Structures are given as structure tokens and as C-alpha cells.
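> The structure follows.
Protein chains: 2
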Amino acid sequence: MTNLSKKTAIIGIGLIGASFARALREEGAASSIVGYDRSADVMARAVACGAVDSAAASLEAAIKGADLVVISTPVGAMAGVLAEIAEKGDDGALVIDVGSVKGAVVEAASKLNPRVHIVPCHPVAGTEQSGPEAGFAALFRHRWSILTPLARDDADYLAAVKRAADIWRAVGAEVEIMDHHHHDLALAITSHLPHLIAFTLVGAADDLESVAEAEIVKYSAGGFRDFTRIAASDPIMWRDVFLNNRQAMLEVLGRFTEELALLQRAIRWGDAETLERIFARGRTLRRAIVAAGQEKDVPNFGRDEKA
Amino acid sequence: MTNLSKKTAIIGIGLIGASFARALREEGAASSIVGYDRSADVMARAVACGAVDSAAASLEAAIKGADLVVISTPVGAMAGVLAEIAEKGDDGALVIDVGSVKGAVVEAASKLNPRVHIVPCHPVAGTEQSGPEAGFAALFRHRWSILTPLARDDADYLAAVKRAADIWRAVGAEVEIMDHHHHDLALAITSHLPHLIAFTLVGAADDLESVAEAEIVKYSAGGFRDFTRIAASDPIMWRDVFLNNRQAMLEVLGRFTEELALLQRAIRWGDAETLERIFARGRTLRRAIVAAGQEKDVPNFGRDEKA
């Protein structure tokens with residue numbers, strides 16, 4: 125693999141930042157990888173576990189001389205980080221982020237000095253783990269990375285978008301270019317709403333005084349367990365996603381609650397036909413997901429067994 | 125393993141009935157296993173795939189001479205099947221069911237002639253597959269089977285409850301005895317509500333005209349996919365579960381929608397603290413589930429990879 129960066133700066137070294145650093149190194153795509161995190165503890169752990177080569181004393185020190193800057197902080201911190209990079213970064217540096225919401229990033233980036241090239245990105249990959257130790261090089265492999273470029277058509281920027289795509293392909297991802305509005309709606313339904321619902325279900329279970337937590341754990345194989353994996357995701361990251369994708373979230377939430385009200389009414393009034401009709405749709409979509417190789421269609425036998 | 129039944133009749137031969145038959149045979153716990161299903165096609169397939177030894181021409185023929193009858197039909201059909209067994213079954217036969225709702229079964233069974241011993245059961249196990257070919261002997265291994273006995277304390281009935289527990293242990297399950305009201309509420313939150321929500325999410329996604337199904341499939345790794353496994357479950361089985369556990373479903377649905385409304389409001393008004401506070405609870409419960417061995421805590425790396 126060709127070298128795609130002489131110095132890479134990773135800003136915010138959690139699961140995604142650490143995985144990106146490891147993937148770049150494994151591919152031989154970066155000469156040196158420096159990390160910066162506003163938590164000194166996280167930064168020390170990132171160096172100790174070998175996710176990054178070294179830690180920088182400040183954001184400014186991290187980005188000095190970097191031809192690739194990766195912003196992997198929670199979405200809420202990105203506008204501030206972007207502004208500082210646009211002011212202090214090297215001329216012509218490629219700046220990518222990995223945020224799950226793109227409208228907020230595009231809006232912040234569009235106002236900044238175009239001497240650095242900001243290409244908003246969203247790799248659709250993750251686990252319920254967090255922190256630099258959770259990172260692994262294969263995280264992005266066979267996953268989609270969605271790029272939502274700014275409204276710039278100068279040759280330098282177009283070259284930067286191409287370079288960003290090359291970098292994602294180098295770490296194993298498939299690349300899609302998309303309008304940021306469409307991204308935020310498509311991800312609201314495929315990722316953000318599922319997370320919100322999982323968090324809600326766990327909260328509702330926690331509040332049900334008459335059923336003990338021990339029982340919920342015991343009988344979680346009945347379906348609850350499938351939700352807890354994503355409900356265990358990083359609370360700060362998700363708080364920021366919802367706050368920064370408000371419009372699309374309220375849109376898909378409205379549709380979800382309408383559908384839920386319909387089912388609730390069908391249960392109350394014993395309307396078997398409505399229930400059956402709506403439930404039959406689940407299999408069609410599942411088959412499509414399995415056929416696309418996004419999940420192997422195996423019974424839970426095996427992966428659900430006790431160790 | 126000791127022989128626990130000379131002739132076992134499996135009424136309704138889907139995933140659960142076929143798995144139970146295979147598990148009994150694998151343990152050498154039954155001498156002969158006859159199946160009956162109101163669908164001649166299902167019955168022929170159950171014999172062809174070796175799930176049962178033979179097919180009966182009628183429910184009456186299946187239960188004649190059977191000392192163990194297993195009712196593994198959808199919950200909605202159980203009252204009728206129970207009534208026929210109470211009338212035509214052998215004196216002293218043990219009759220167990222595997223329904224996910226117990227109040228409706230206890231109510232129906234309590235009205236019947238006590239010459240057969242009906243012990244309502246719920247093995248908390250399953251996959252998103254259905255049909256006799258989907259059955260496998262290990263389905264119940266290390267899973268809980270919940271017994272909700274009738275309000276009878278005659279020695280014959282107590283012996284039948286003990287025999288039912290022994291049979292579940294023989295097929296690998298752990299046994300819990302519980303009041304049926306409590307069962308229906310505990311399972312409403314750990315199993316029935318998660319399924320209803322998964323069905324609802326898939327329905328809402330299906331209705332979102334501006335995001336194509338192909339995109340939903342493509343980006344399903346973002347969280348949606350976790351819901352599709354249980355949303356692919358048997359629509360008829362689940363229709364009957366909801367219709368027969370109405371009171372507990374409406375109770376947990378009320379709590380869920382209250383919690384969701386709280387989060388929706390927090391998103392609308394940018395209330396970061398509320399979001400963060402509620403989200404932090406997910407990790408605690410997940411850790412308890414992993415610690416109890418109900419799921420291995422591995423990153424999605426591996427099981428989510430493309431084949």
C-alpha cells in the first residue's frame with residue numbers, strides 16, 4: 125500500500141480514532157501517527173496500548189506539520205476543533221472527521237478558511253466498546269464510509285476528496301459520496317433511532333419496580349439482550365449525535381411513534397389482522413440484509429451459548 | 125438418561141416442537157415420538173427431516189396412548205387443543221405447552237377435567253427461524269424454562285409438575301417455577317416489548333419513502349441490523365403472544381412511550397443532561413447480562429464481517 129500521509133494527527137482517541145490509527149499503520153499508509161486528546165489519561169493510555177506513536181502536548185502541536193488530521197471526538201466538540209485547525213493547521217492539509225452526523229459538521233466547516241481541506245466523513249462501523257484500548261485495525265473492513273463533501277469545486281478540494289476516499293479504501297472501507305441532508309435522514313433511521321429506542325427500552329426496564337434486574341438478566345435471551353449491545357454504547361457520543369441531528373431524529377421519531385400507536389391500538393382492541401400484516405414485513409428486510417452479507421443468517425445457537 | 129416417556133405426542137411441529145423432539149431423542153428420554161400438525165405439509169416435512177418418528181392422522185390419534193403431550197402451536201390455538209386433550213387424552217397423561225404467554229393457558233387449563241395433568245411451561249429460547257427444519261436439539265441448553273403450575277395441590281398433580289421439571293432438565297434447560305401473572309409481566313418487558321419495538325422499527329423504516337430499502341440494508345451495521353433478527357420472527361406466533369398478553373403489554377408499552385416522550389422532548393429542547401443520564405444506564409445492564417453468561421462480550425468484529 126502506498127504511503128498516504130507523512131504525519132497523521134488523531135484528535136480524540138477513542139474506539140474510532142484508535143482503530144483508524146491502527147488500520148493506517150497496518151496498511152503502511154502513514155509514516156508517523158501522533159495523538160491528541162483533551163484527557164491526559166486517555167492520551168497516556170493510547171500511547172501505552174500502542175494505538176498511536178506519540179502524544180502531543182496540545183492540539184496545535186499535534187496538527188503542526190500534519191498532512192492528514194482525523195477528528196474523532198464526539199460530534200459536539202467538532203466545531204471548536206475544526207475552527208482551531210482551520211486557523212493553525214498546515215496549508216493544504218486534509219482534515220477528515222468520523223462523526224455520525226454530517227449536517228452540523230458541514231455547516232461548521234463551510235464557514236472556515238478554505239486553506240485546509242475539510243472532508244466530512246462517516247464510517248458506519250463501531251462496537252459497544254469505547255476508549256483507545258477498544259480499537260482494532262479491522263473495524264472499517266467491508267464497512268461503508270460515507271463522504272459528504274463541502275460545496276467547493278476548486279481543483280485542490282476535489283483532489284482532497286479523492287485523497288480522503290483513497291484513505292478510507294486503504295483501511296478497508298467502501299466509499300459512498302452523499303448529500304449531507306440525505307445522510308442525516310438515512311442514518312437517523314438505520315442507526316440513530318435504533319440506538320435511541322434501545323436506550324429507551326433499557327430505561328423502561330430499569331424503572332419497572334416489580335421485575336428485578338436479576339430477572340431481566342435471566343430472561344434476556346427472549347429478545348431484550350439484542351438491544352443491550354447497542355444500549356451499552358458511549359453515552360456522550362450518542363448524546364451529541366441526537367442533539368446535532370435534531371430535525372431528522374424528530375422526523376423518524378414521529379413516524380416510529382405513529383406506527384407504535386397503531387400497534388398498541390391493535391393490541392388493545394384485539395385486531396389480529398393489523399398485527400399480522402405489520403409483522404410480516406420484518407422477514408423481507410432481514411432476508412435482504414442477510415443476502416447483502418451484512419449479517420450471517422445463523423440461528424443464535426452458538427453465539428448465544430453460555431461460555 | 126432415564127426414559128421419561130413411552131410415547132410422546134408433539135402437537136404443532138415448528139421450531140420449538142421439532143427442537144423439543146430432537147432433544148428428547150438425543151437424550152434417549154422418549155421411546156417413540158409422534159407428531160401432529162393441522163398442516164399436512166408441515167407434518168410431512170417434520171417426518172422427512174427426521175424431527176419426529178411418525179405423523180398422526182388426527183390430534184386424537186396422536187395423543188392416544190401418549191403419556192407426554194407437548195403443545196407447541198401458536199398461543200391462540202392452545203385453548204382448543206387443551207380442551208380436546210382433556211377430553212380424549214389418556215388418564216394421567218402429562219400435558220405441557222411451550223407458549224410465551226402463561227395467563228391465557230392457565231385460565232383455559234383451569235376449567236378442564238383434571239384427569240390429565242396440564243403443566244403450563246415457557247422455555248425462554250428461540251431463533252428467528254421457523255418450521256420443523258429449523259429445529260435443533262441444543263435449543264434449550266442453558267436456557268431457562270419457566271413453569272407456572274395450576275392451582276392444584278393433589279399428589280398426582282405435584283408429581284406431574286416434578287416430572288415436567290425433570291423433562292426440561294433432560295433437554296438441557298434450567299427450571300424456574302413462577303406465578304403466571306409475574307411471568308407475563310417479566311416476559312412482557314424482556315421479550316414481548318423488544319419484539320414489538322423491533323417490528324415497529326422495521327415498519328417505520330419501510331414507510332420512509334425518501335430512504336430506499338437498499339440504503340437501509342447498506343447502512344444497517346449502524347444499529348438497525350440488531351433489530352432485524354428478532355423482527356424476522358414468526359408473525360403468527362407473535363400476533364398471538366400480543367393478543368394473549370394484552371394487559372401486561374399495555375402496561376410496559378405505557379412505560380416505554382413515557383420514557384420515549386421524555387427523550388424526544390430532550391432532543392427537541394437540546395437537554396443534554398437528561399439524554400446523558402438516561403443513556404448511562406445501558407452499560408450497567410449490559411455488563412450484568414455479559415457477567416451472567418447470557419452473551420459473550422465481544423466486539424461485533426468477526427460475527428459482523430462479510431462472509
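Taken in sequence, the protein lines are chains F and W.
Heads up: the first sequence runs through residues 125 to 431, numbered per my numbering.
Heads up: the second sequence runs through residues 125 to 431, numbered per my numbering.
Ideal Cβ positions, reconstructed from N, Cα and C, are used throughout, including at glycine.
All of these numbers come straight from a predicted model, not from anything done at the bench.
1) DSSP puts A154/F in a beta bridge; with which residues?
2) The region 189-216 of chain W: which residues have C-beta closer than 9 Å to a C-beta of chain F, in chain order?
3) Between the region 214-238 of chain F and chain W, which residues of the former have CB atoms less than 9 Å from a CB of the latter, in chain order?
4) For R349/F and chain W, any beta-carbon pair shorter than 8 Å?
5) When DSSP labels each residue in this structure, what does P238/F get in the three-state scheme?
6) T126/W: buried (16+ other C-beta within 10 angstroms of its C-beta) or exposed?
7) Use the C-beta contact count for A338/F: other C-beta atoms within 10 angstroms, 16 or more gives buried, fewer gives exposed.
8) Can you tell me where the alpha helix (DSSP H) holding I301/W begins and where it ends?
9) Using 8 Å for Cβ pairs, my map puts F323/W next to G406/F. What's the rounded Cβ distance?
10) So P247/F is in the beta strand (DSSP E); what residue range does that whole segment cover?
11) Sorted by chain position, which residues of the same chain lie with C-beta nearer than 8 Å to A207/W's C-beta, five sequence neighbours on each side aside?
12) In whole angstroms, what separates the C-alpha of V365/W from that of S224/W?
13) I'd like the list of long-range same chain contacts for H304/F, defined as Cβ closer than 6 Å, with 5 residues on each side in sequence excluded.
14) Name, in chain order, the residues that DSSP records as bridge partners for A310/W.
15) Looking at V158/F and L183/F, is the spacing between their C-beta atoms short of 8 Å?
16) Could you compute how far the alpha carbon of R293/W sits from the alpha carbon of A175/W?
17) Hey, is the region 260-270 of chain W in contact with the region 408-415 of chain F, meaning 3+ C-beta pairs nearer than 8 Å?
18) Looking only at DSSP bridge pairs, what is G347/F linked to?
19) Can you list, in chain order, the residues of its chain with a C-beta nearer than 6 Å to that of A258/W? Leave out the 5 residues immediately preceding and following it.
20) Can you list the residues of chain F that R392/W reaches, using a CB-CB cut of under 8 Å?
21) So what does DSSP say about G417/F, is it helix, strand or coil?
22) So is I291/W in contact with chain F if we call contact Cβ pairs under 8 Å?
23) Consider the Cβ of D280/F: report whether some Cβ of chain W lies at a distance smaller than 8 Å.
24) Return the CA-CA distance between I135/W and A180/W, expressed in angstroms with no decimal places.
25) In whole angstroms, give me the CA-to-CA distance for G378/W and A385/W.
26) So what does DSSP say about A179/F, is it helix, strand or coil?
27) Is L332/F helix, strand or coil by DSSP?
28) How would you list, in chain order, the residues of chain W whose beta-carbon sits under 9 Å from the beta-carbon of L387/F?
29) How far does the alpha helix (DSSP H) with L192/W in it extend, from its first residue to its last?
30) Whose C-alpha, out of K131/F, V222/F, S254/F, E252/F, is nearest the C-alpha of V199/F?
31) What residue from G296/F, S129/F, R392/F, R353/F has the CA that sits closest to Q253/F's CA?
32) Can you say whether E333/W is buried or exposed, counting buried as having 16 or more other CB atoms within 10 angstroms of its CB?
33) Tell me which residue opens and which closes the beta strand (DSSP E) that D221/F is part of.
34) DSSP beta-bridge partners for I140/F?
35) With distances taken Cα to Cα, identify the nearest neighbour of M317/W among L192/F, V194/F, I391/F.
36) When the Cα atoms are used, what is the spatial distance from S234/F to G327/F?
In brief:
1) Your numbering for residue 154/F matches position 30 in the first sequence. DSSP, once it has assigned bridges, lists S129/F as partnering A154/F.
2) G200
3) Answer in chain order: S224.
4) Looking up residue 349/F in the first sequence gives position 225. Yes - at least one Cβ of chain W is within 8 Å of the one on R349/F.
5) Residue numbering aside, residue 238/F sits at position 114 when the first sequence is read from its first letter. Three-state result, P238/F: coil.
6) Taking the second sequence and counting its residues from 1, the one referred to as residue 126/W is at position 2. Classification for T126/W: exposed.
7) Counted from its first residue, the first sequence places residue 338/F at position 214. Looking at its Cβ environment, which holds fewer than 16 other Cβ atoms inside 10 Å, A338/F is exposed.
8) Stepping through the second sequence from its first residue, residue 301/W is reached at position 177. Per DSSP, I301/W belongs to no alpha helix (DSSP H); it is in the beta strand (DSSP E), 298-301.
9) If you number the second sequence from 1, residue 323/W lands on position 199. If you number the first sequence from 1, residue 406/F lands on position 282. F323/W to G406/F, Cβ: 6 Å. Contact.
10) Working through the first sequence from its first residue, we reach residue 247/F at position 123. Here the beta strand (DSSP E) through P247/F covers 245-247.
11) Within the second sequence, residue 207/W is the residue found at index 83, counting from 1. Within the same chain, A207/W has close Cβ partners A232, L236.
12) Translated into the one-based positions of the second sequence, residue 365/W becomes position 241. Translated into the one-based positions of the second sequence, residue 224/W becomes position 100. So the alpha carbons of these two residues sit roughly 6 Å apart.
13) Locating residue 304/F in the first sequence gives position 180, counting from the first residue. The answer, listed in chain order, is K226, G227, V230, T272.
14) On the second sequence, position 186 is the one that residue 310/W refers to. DSSP, once it has assigned bridges, lists no residue as partnering A310/W.
15) Taking the first sequence and counting its residues from 1, the one referred to as residue 183/F is at position 59. Taking the first sequence and counting its residues from 1, the one referred to as residue 158/F is at position 34. Contact: no.
16) Walking along the second sequence from the start, residue 293/W turns up at place 169. Walking along the second sequence from the start, residue 175/W turns up at place 51. For R293/W and A175/W, the distance between alpha carbons rounds to 20 Å.
17) no
18) If you number the first sequence from 1, residue 347/F lands on position 223. None; G347/F has no bridge partner.
19) Taking the second sequence and counting its residues from 1, one reaches residue 258/W at position 134. So the list reads L139, once near-sequence residues are dropped.
20) Counting from one through the second sequence, the residue named residue 392/W turns up at place 268. Result: R370, L374.
21) In the first sequence, the residue the question calls residue 417/F occupies position 293. In the structure shown, G417/F sits in coil (DSSP, three-state: anything other than H, G, I, E or B).
22) Sequence index remark: in the second sequence, residue 291/W carries index 167 (1-based). Closer than 8 Å: no.
23) The residue you call residue 280/F lines up with position 156 of the first sequence. For D280/F, the answer is no, since every Cβ of chain W falls outside 8 Å of its Cβ.
24) Counting from 1 along the second sequence, the entry for residue 135/W is found at position 11. Counting from 1 along the second sequence, the entry for residue 180/W is found at position 56. The alpha-carbon atoms of I135/W and A180/W are separated by roughly 10 Å.
25) Here the question's residue 378/W lines up with position 254 in the second sequence. Here the question's residue 385/W lines up with position 261 in the second sequence. G378/W and A385/W: Cα-Cα distance of roughly 11 Å.
26) As a position in the first sequence, residue 179/F is number 55, starting the count at 1. Correct three-state label for A179/F: strand.
27) The count along the first sequence starts at 1 and reaches residue 332/F at position 208. Here L332/F sits in coil by DSSP.
28) Position 263 of the first sequence, counting from 1, holds the residue named residue 387/F. Neighbourhood of L387/F in chain W, by CB distance below 9 Å: L320, F323, T324, G327, F366, L377, in chain order.
29) Along the second sequence, one-based indexing puts residue 192/W at 68. First-last for L192/W: 192-195, but that is the beta strand (DSSP E), not the alpha helix (DSSP H).
30) Taking the first sequence and counting its residues from 1, one reaches residue 199/F at position 75. The shortest C-alpha separation from V199/F is found at V222/F.
31) Translated into positions along the first sequence, residue 253/F becomes position 129. With distances taken between Cα atoms, Q253/F lies closest to R353/F.
32) Looking up residue 333/W in the second sequence gives position 209. It is exposed - the Cβ of E333/W has fewer than 16 other Cβ atoms within 10 Å.
33) Along the first sequence, read from residue 1 onward, the residue named residue 221/F stands at position 97. That run of the beta strand (DSSP E) goes 218-221.
34) Walking along the first sequence from the start, residue 140/F turns up at place 16. BP columns for I140/F are empty, so no partner.
35) What you label residue 317/W is simply residue 193 of the second sequence in a count that begins at 1. With the sequence shown as reference, residue 317/W is identified as Leu, and Met is not the correct amino acid for it. Selected option, being the one with the closest Cα: I391/F.
36) Residue 234/F sits at position 110 when you count from the first residue of the first sequence. Residue 327/F sits at position 203 when you count from the first residue of the first sequence. When rounded, the distance between both Cα atoms is 38 Å.
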